[in-house]
Amino acid sequence: MFDAVKLVYTPEGWLQVDAFGGRVVRNEPTTTDWSAYANNFYGVYVAYKKIQDHVLNTFLFMRDVNDGSFVGEAGGARGDGQCSI
Numbered sequence: 576m577f578d579a580v581k582l583v584y585t586p587e588g589w590l591q592v593d594a595f596g597g598r599v600v601r602n603e604p605t606t607t608d609w610s611a612y613a614n615n616f617y618g619v620y621v622a623y624k625k626i627q628d629h630v631l632n633t634f635l636f637m638r639d640v641n642d643g644s645f646v647g648e649a650g651g652a653r654g655d656g657q658c659s660i
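Numbering (this note's numbering) for the sequence shown: 576 to 660.
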């Protein structure tokens with residue numbers, strides 16, 4: 576389950592922008608369910624309809640997990656300018 580919000584903006588008939596954001600809700604059978612603040616999901620979706628008989632759809636999805644499961648890339652043989660091959 577998610578706690579989420581979605582916004583739709585249509586400034587012209589040929590352009591639509593959708594944006595959303597949400598958090599995972601942990602299902603707890605014996606207590607009140609709460610949003611997991613360390614697990615967020617966001618996105619933007621754009622539909623461009625000005626090309627005859629076509630619709631150009633673009634999107635961007637982002638996930639932000641702050642539980643330490645993914646820290647980042649560590650520099651290695653390729654990252655420090657040296658090669659160990």
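Glycine is no exception: its CB is placed at the ideal position from the N, C-alpha and C atoms.
Check: Length of the line joining the Cα atoms of Asp628 and Tyr617; Outcome: 30 Å
Check: Terminal residues of the beta strand (DSSP E) in which Thr633 lies; Outcome: 631-640
Check: Delimiting residues of the beta strand (DSSP E) encompassing Gln591; Outcome: 590-601
Check: Among Thr633, Glu603, Arg638, the one whose alpha carbon lies nearest that of Gln591; Outcome: Thr633
Check: C-alpha distance - Val599 paired with Ala613, whole-angstrom precision; Outcome: 9 Å
Check: CA nearest to the CA of Val621, picked from Asp639, Thr607, Gly596, Trp589; Outcome: Trp589
Check: Same chain, Cβ closer than 7 Å to Met576, neighbours up to 5 away in sequence not counted; Outcome: Val600, Asn602
Check: Lys625 (DSSP reduced to helix, strand or coil); Outcome: coil
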